[in-house]
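The sequence shown begins at 34 in this note's numbering and counts up by one. Think of the CB as a built atom: it goes at the ideal place given N, C-alpha and C, for glycine as much as any other residue. Okay, so here's the structure we're looking at.
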Amino acid sequence: MIVAYGFANMLQSVAAARTTVHHTFDPGLLLRLASHRTYVVGLVFQVAGFVLAFLARRDLPLFLVQASVAAGLGVTAVLGVVVLKWRLPTAEIALLVLLFGGITALVLSAQPAPSKALGTAGLVTLAVALGGIAVLGFFAVRLHGSPGSVALGSLAGLAFSAAAVAARPLASAPSVEAFARDPLLYLLIAHSVVGQLLLGLAMQRGSTTAAVAAMDAAGAVPAAIVGLLLLNDKIWPGREWLAAIGFLVTLAAVIGLTRYAEPQHHHAVARDRQRAMVGTARGRAAPPSR
34 MIVAYGFANM LQSVAAARTT VHHTFDPGLL LRLASHRTYV VGLVFQVAGF
84 VLAFLARRDL PLFLVQASVA AGLGVTAVLG VVVLKWRLPT AEIALLVLLF
134 GGITALVLSA QPAPSKALGT AGLVTLAVAL GGIAVLGFFA VRLHGSPGSV
184 ALGSLAGLAF SAAAVAARPL ASAPSVEAFA RDPLLYLLIA HSVVGQLLLG
234 LAMQRGSTTA AVAAMDAAGA VPAAIVGLLL LNDKIWPGRE WLAAIGFLVT
284 LAAVIGLTRY AEPQHHHAVA RDRQRAMVGT ARGRAAPPSR
């Protein structure tokens, strides 16, 4: 699951960098991204990671699964260094080490347990959250550079967090028929689509690690709280301190990555257009030959 999300983040960021920057909350971006083979391959990895995470949520607490999804950021950074020649500052490398240390603590403290059902109030809350995230995304898409990456990535994290909350009880559906009829399935799909669109927009605006770290940071806390309060997520007795330390370290690491992450790619389309405009301007300004 961790490796699958790591590959997905890297491949989708490459495709997003090759697509014209969007300044509107336009679902058509997903169709344009789908025209890139790199993005499609990345999406396949993301679906694989999503399926593995969905199966894990059947018995494992959300604070562990969501933290494991966040660990994909570390895999993305390593792949970026090896494959795309990214340069990671020393501070970012240290934060990645902290990230994996925090996740290790969460693995040791999480107690497997089946989920409780999410009532009508929970369904309504997820539906309202979907509308709220979409409205905020409509305005956040106007931001540029790193602030845009962080804002849109955070909203993507909230959407994916809501999808995770829906997935936890949905994974315990007793039959395929009950699974297909459960409203949670359609809320999960809707939140996932909105989250995917927001993530694509975030990756277009600069640093991949900033966008993904913001997504993981914003998505970790709500899912963990809802899981512990409402969905029967459990911690091994006597290891509450380890879970708290692990969660805080993981959260601090992903938030820190939003601060230290540097822009790693430029938009090929925008760059080509700028070069063409400069070349045209020079051609017009050149004196006639004699």
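Buried versus exposed, by CB contacts within 10 Å (16 or more), residue i
i, result
"Lys280", "Correcting the residue identity first, residue 280 is Phe in this sequence and not Lys. When all chains shown are included, Phe280 counts as buried."
"Ile222", "exposed"
"Arg120", "exposed"
"Ala127", "exposed"
Cα-Cα separation between residue i and residue j, rounded to whole angstroms
i, j, result
"Ala100", "Ser179", "23 Å"
"Ile278", "Val209", "39 Å"
"Ala81", "Met34", "7 Å"
"Pro33", "Ala213", "No answer is possible for residue 33: it lies beyond the span of the chain, which begins at 34 and ends at 323."
"Arg70", "Val77", "11 Å"
"Val198", "Val259", "7 Å"
"Ala89", "Gly105", "15 Å"
"Gly228", "Ala244", "12 Å"
"Gln79", "Leu176", "26 Å"
"Phe172", "Ala41", "26 Å"
"Val157", "Gly164", "11 Å"
"Val116", "Leu129", "18 Å"
Distance CB(residue i)-CB(residue j) smaller than 8 Å
i, j, result
"Ala247", "Val174", "no"
"Gly39", "Thr137", "no"
"Leu262", "Gly155", "no"
"Leu284", "Leu220", "no"
"Ala86", "Val102", "yes"
"Leu151", "Ala189", "no"
"Leu72", "Leu112", "A quick correction: the sequence has Tyr, not Leu, at residue 72. Cβ distance not < 8 Å, so Tyr72 and Leu112 don't count as in contact."
"Ala192", "Ile166", "yes"
"Pro202", "Leu217", "yes"
Chain-order list of residues whose beta-carbon lies under 7 Å from that of residue i (same chain, five-residue window excluded)
i, result
"Gly134", "Val282"
Cβ neighbours of residue i in the same chain (closer than 8 Å, five flanking residues each side left out)
i, result
"Ala146", "Asp92, Pro94, Asn265, Asp266, Lys267"
"Phe96", "Leu139, Ala143, Ala253, Ala256, Ala257, Gly260, Leu261, Asp266, Ala276, Phe280"
"Gly204", "Note that residue 204 is Ala in the sequence shown here, rather than Gly. For Ala204, where only same-chain residues beyond five positions count, the Cβ hits under 8 Å are Phe87, Leu88, Arg90, Arg91, Ser148."
Cut-off 6 Å between Cβ atoms - residues of its own chain near residue i, not counting five sequence neighbours on either side
i, result
"Ser194", "Gly252, Pro255, Ala256"
"Ile288", "Ala250"
"Arg272", "Ser142"
"Leu131", "Val282, Ala286"
"Ser225", "Ala196"
Bridge partner(s) assigned by DSSP for residue i
i, result
"Ile268", "Ala143"
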